[in-house]
Amino acid sequence: MYRTHNCGELRAENAGQTVTLAGWVQRVRKMGGMSFIDLRDRYGITQLRVDDSTSEEVAAAAAKLGREYVIQATGIVEERQSKNAKIATGDIELKLTGLKILNEAQTPPFTIEDESDGGEDIRARYRYLDLRRNPLKNALMLRHRIAQEIRKYLDNEGFLEIETPFLIKSTPEGARDFVVPSRMNPGQFYALPQSPQTFKQLLMVAGYDRYFQIVRCFRDEDLRADRQPEFTQIDCEMSFVEQEDVLNTFEGMMRKLFKDVIGVEIPDPMPRMTWYDAMDNYGSDKPDIRFGMEIHEITPEAHGHNFSVFDDCEYVGAICVPGAAEYTRKQIDELTEWVKRPQVGAKGLVYIKYNADGSFKSSVDKFFSAEDLASIACAAQANPGDLMLVMCGAKRKAQTMLGVLRIEMGNRLGLRDPHNFAPLWVVDFPLLEWDDETQRFYAMHHPFTAPKPEHLDWFYSDKKEDLERVCANAYDFVLNGTELGGGSIRIHEAEVQKRMFEVLGISKEDAEIKFGFIINAFKFGAPPHGGLAFGFDRVCALFGGQETIRDFIAFPKNNMGRDVMLDAPSEIDDSQMEELALKSTVVKNG
Ligand code: ASP
Numbered sequence: 000m001y002r003t004h005n006c007g008e009l010r011a012e013n014a015g016q017t018v019t020l021a022g023w024v025q026r027v028r029k030m031g032g033m034s035f036i037d038l039r040d041r042y043g044i045t046q047l048r049v050d051d052s053t054s055e056e057v058a059a060a061a062a063k064l065g066r067e068y069v070i071q072a073t074g075i076v077e078e079r080q081s082k083n084a085k086i087a088t089g090d091i092e093l094k095l096t097g098l099k100i101l102n103e104a105q106t107p108p109f110t111i112e113d114e115s116d117g118g119e120d121i122r123a124r125y126r127y128l129d130l131r132r133n134p135l136k137n138a139l140m141l142r143h144r145i146a147q148e149i150r151k152y153l154d155n156e157g158f159l160e161i162e163t164p165f166l167i168k169s170t171p172e173g174a175r176d177f178v179v180p181s182r183m184n185p186g187q188f189y190a191l192p193q194s195p196q197t198f199k200q201l202l203m204v205a206g207y208d209r210y211f212q213i214v215r216c217f218r219d220e221d222l223r224a225d226r227q228p229e230f231t232q233i234d235c236e237m238s239f240v241e242q243e244d245v246l247n248t249f250e251g252m253m254r255k256l257f258k259d260v261i262g263v264e265i266p267d268p269m270p271r272m273t274w275y276d277a278m279d280n281y282g283s284d285k286p287d288i289r290f291g292m293e294i295h296e297i298t299p300e301a302h303g304h305n306f307s308v309f310d311d312c313e314y315v316g317a318i319c320v321p322g323a324a325e326y327t328r329k330q331i332d333e334l335t336e337w338v339k340r341p342q343v344g345a346k347g348l349v350y351i352k353y354n355a356d357g358s359f360k361s362s363v364d365k366f367f368s369a370e371d372l373a374s375i376a377c378a379a380q381a382n383p384g385d386l387m388l389v390m391c392g393a394k395r396k397a398q399t400m401l402g403v404l405r406i407e408m409g410n411r412l413g414l415r416d417p418h419n420f421a422p423l424w425v426v427d428f429p430l431l432e433w434d435d436e437t438q439r440f441y442a443m444h445h446p447f448t449a450p451k452p453e454h455l456d457w458f459y460s461d462k463k464e465d466l467e468r469v470c471a472n473a474y475d476f477v478l479n480g481t482e483l484g485g486g487s488i489r490i491h492e493a494e495v496q497k498r499m500f501e502v503l504g505i506s507k508e509d510a511e512i513k514f515g516f517i518i519n520a521f522k523f524g525a526p527p528h529g530g531l532a533f534g535f536d537r538v539c540a541l542f543g544g545q546e547t548i549r550d551f552i553a554f555p556k557n558n559m560g561r562d563v564m565l566d567a568p569s570e571i572d573d574s575q576m577e578e579l580a581l582k583s584t585v586v587k588n589g
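200 is the number that numbering that gives the first Met the number 0 gives to position 201 of the sequence shown; each next residue is one higher, with no gaps.
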């Protein structure tokens with residue numbers, strides 16, 4: 000037996016017992032004739048003591064120890080002279096009677112402490128050492144706990160966990176596929192699933208009316224802000240359900256997770272907001288409702304004052320930043336520069352200070368009288384002391400810019416406390432999204448999302464305005480300005496699916512090639528069904544009070560999609576290329 004206890008387990012009650020521990024040497028401290036060794040494992044740290052009563056052999060072995068050596072330590076548990084309230088085992092130490100070095104260790108390239116001295120890159124290269132640190136260990140333990148609670152909840156609700164394949168054909172999420180060449184079928188490729196979307200729908204056709212899977216998904220996207228090329232979804236589907244059933248089931252799951260994992264009560268029922276309200280009031284389909292500062296339209300008040308910037312725009316809107324009327328010129332100039340950054344894309348920013356004494360000062364004083372500004376303030380629901388920030392443009396574009404600015408002001412004013420949780424459902428998404436560049440419609444969610452039955456007339460209309468009005472029974476679970484999950488009620492009638500492909504400009508032949516199997520399956524009795532998927536990594540990160548998912552994934556990739564520890568992706572040798580019937584067009588260096 001390597002150990003009788005772990006390093007986080009011993010307490011004052013164990014005093015007098017002879018025990019054996021095994022783990023890594025966190026640090027060795029020499030104090031006079033004594034030395035203290037902190038021994039670490041997954042469970043905690045226990046202090047070992049070497050003093051003048053320690054046998055020569057054990058003391059000699061102890062003298063050789065360095066950081067991260069793996070040892071087996073036997074000793075007698077004793078109550079400590081000076082206790083350490085910071086660690087669970089801080090009341091005791093082990094008076095060493097036996098010590099065996101199980102393995103030596105090179106000095107690690109960075110300190111294995113909660114705050115490491117290692118930069119991101121070096122820690123990524125030695126991920127297995129980084130994973131020894133508490134913050135990462137706690138993140139992975141949290142991830143484990145959440146996964147267990149999800150399984151428990153869904154099992155209780157009658158869901159079956161069913162695995163689906165990774166080597167498949169393109170799925171409909173609309174990102175770029177990762178592909179895998181097939182040796183046995185030269186010149187042909189599998190695609191890795193962007194999600195198990197088509198499989199879960201086929202499982203519904205097969206009669207498995209409640210399915211879930213905690214499953215890896217693959218999307219070859221540019222890794223903007225905190226994305227991973229492979230990530231994990233909590234993927235679910237249900238038959239014989241309407242939107243309400245799906246929302247209730249998963250609201251229940253999230254409520255239980257919040258309560259059981261982090262002890263947070265979320266509102267019952269959770270708030271819901273239509274996509275239209277979210278866009279109009281928050282300029283985002285994932286509104287952060289931890290704070291107000293909503294967007295208000297002021298187009299009627301802004302138009303007609305010979306200020307062509309406003310007059311030429313479809314939409315003028317404002318947010319009111321509380322208490323910011325006192326901003327200096329410099330602060331406002333800085334904000335103006337900020338909104339011109341490509342991430343926001345504004346041409347400029349108009350400000351109106353609603354001073355505490357009720358007077359106004361604005362960057363458009365030349366065009367607007369105090370009375371005009373007062374009517375804008377009224378429309379924007381401003382209070383004395385507020386700074387109104389105004390942007391204009393095409394409606395959705397201007398709202399989106401104001402939404403980005405709103406989030407930034409929320410950050411600056413400290414209104415986005417990561418330990419405050421404000422979830423909501425965003426519902427009634429438009430089914431389709433028009434793209435000016437390619438002059439065609441795209442599915443806002445994916446092409447299997449059903450139009451609302453009451454909008455079918457518009458769905459079958461040939462007019463662009465009608466099609467733009469069609470809503471879907473599609474929903475997103477949004478938390479603190481982040482989309483944590485989303486799904487929809489699906490199309491289950493071959494006729495409607497056919498029309499959907501037509502609207503999306505996918506030819507009959509193309510639809511047949513890409514999704515023939517599912518169109519075919521629908522001919523054999525598809526039940527009404529719907530579902531959703533949550534981003535599991537992100538659920539974990541938010542529960543952990545962190546913004547980035549990387550720490551919640553044991554072996555993540557960097558923002559170039561590289562695993563720097565494995566040095567992947569990498570080239571393969573010529574024989575392998577040949578076997579796979581591949582030819583590279585990349586000229587190798589040298
Ligand atoms: N497959 C969808 C996604 O990954 C989720 C769903 O519709 O269930 O976004």
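Glycine included, C-beta positions come from ideal geometry on N, C-alpha and C.
Residues near residue i in its chain [Cβ-Cβ closer than 6 angstroms; skip 5 each side]
i, result
"residue 242", "472, 488"
"residue 420", "263"
"residue 128", "107"
"residue 16", "76"
"residue 218", "174, 193"
"residue 277", "284, 286, 425"
Check: residue i C-beta below 7 angstroms from any heavy atom of ligand 1
i, result
"residue 532", "yes"
"residue 169", "no"
"residue 173", "no"
"residue 496", "no"
"residue 445", "yes"
"residue 574", "no"
"residue 238", "no"
"residue 196", "yes"
"residue 115", "no"
"residue 232", "yes"
"residue 487", "yes"
CB-CB length for residue i against residue j, believed under 8 angstroms
i, j, result
"residue 232", "residue 216", "5 angstroms"
"residue 414", "residue 320", "That pair is no contact at about 10 angstroms."
"residue 158", "residue 235", "7 angstroms"
"residue 18", "residue 93", "7 angstroms"
"residue 446", "residue 171", "5 angstroms"
Range of the contiguous alpha helix (DSSP H) that encloses residue i
i, result
"residue 258", "242-261"
"residue 499", "493-502"
"residue 338", "328-339"
"residue 199", "196-204"
"residue 507", "507-520"
"residue 574", "573-578"
"residue 153", "133-155"
Spatial neighbours of residue i in its chain, beta-carbon cut-off 7 angstroms, leaving aside the 5 residues before and after
i, result
"residue 39", "6, 22, 23, 25"
"residue 99", "70, 71"
"residue 269", "250, 422, 423, 424"
"residue 585", "none"
"residue 273", "426, 427"
"residue 306", "363, 366"
"residue 345", "338, 339, 390, 400"
Same chain, Cβ closer than 8 angstroms to residue i, five either side skipped, listed in chain order
i, result
"residue 86", "43, 44"
"residue 440", "431, 432, 433, 434, 466, 502, 503, 504"
"residue 185", "579, 580"
"residue 492", "521, 525"
"residue 443", "428, 429, 430, 431, 432, 471, 473"
"residue 556", "222, 227, 228, 229, 562"
Cβ of residue i within 8 angstroms of any chain B Cβ
i, result
"residue 2", "The structure shown contains no chain B; it holds only a single protein chain."
Run of the beta strand (DSSP E) containing residue i, from where it starts to where it stops
i, result
"residue 539", "Here residue 539 belongs to no beta strand (DSSP E); instead the alpha helix (DSSP H) covers 535-542."
"residue 2", "Here residue 2 belongs to no beta strand (DSSP E), and DSSP marks it neither H nor E."
"residue 29", "17-30"
"residue 92", "91-102"
Three or more C-beta pairs closer than 8 angstroms, one from the region 419-437 and one from the region 342-360: is that the case here? no
Decide yes or no for the touch test of the region 330-348 against the region 370-380: beta carbon pairs closer than 8 angstroms, at least 3 of them. no
Determine, using beta-carbon pairs with one atom in the region 251-258 and one in the region 359-368, whether at least three such pairs fall under 8 angstroms. no
Can we say the region 451-458 touches the region 401-417, given the rule of at least three CB pairs closer than 8 angstroms? no
Would you call the region 116-133 and the region 525-544 in contact, with 3 or more CB pairs under 8 angstroms? no
The region 188-207 in contact with the region 292-303 per 3-pair CB rule at 8 angstroms: no
Closer than 8 angstroms is the cut-off here; do at least three beta carbon pairs connect the region 141-148 with the region 526-546? yes
At least three beta-carbon pairs within less than 8 angstroms, the region 399-407 to the region 335-347: yes
Closer than 8 angstroms is the cut-off here; do at least three beta carbon pairs connect the region 479-488 with the region 506-518? no
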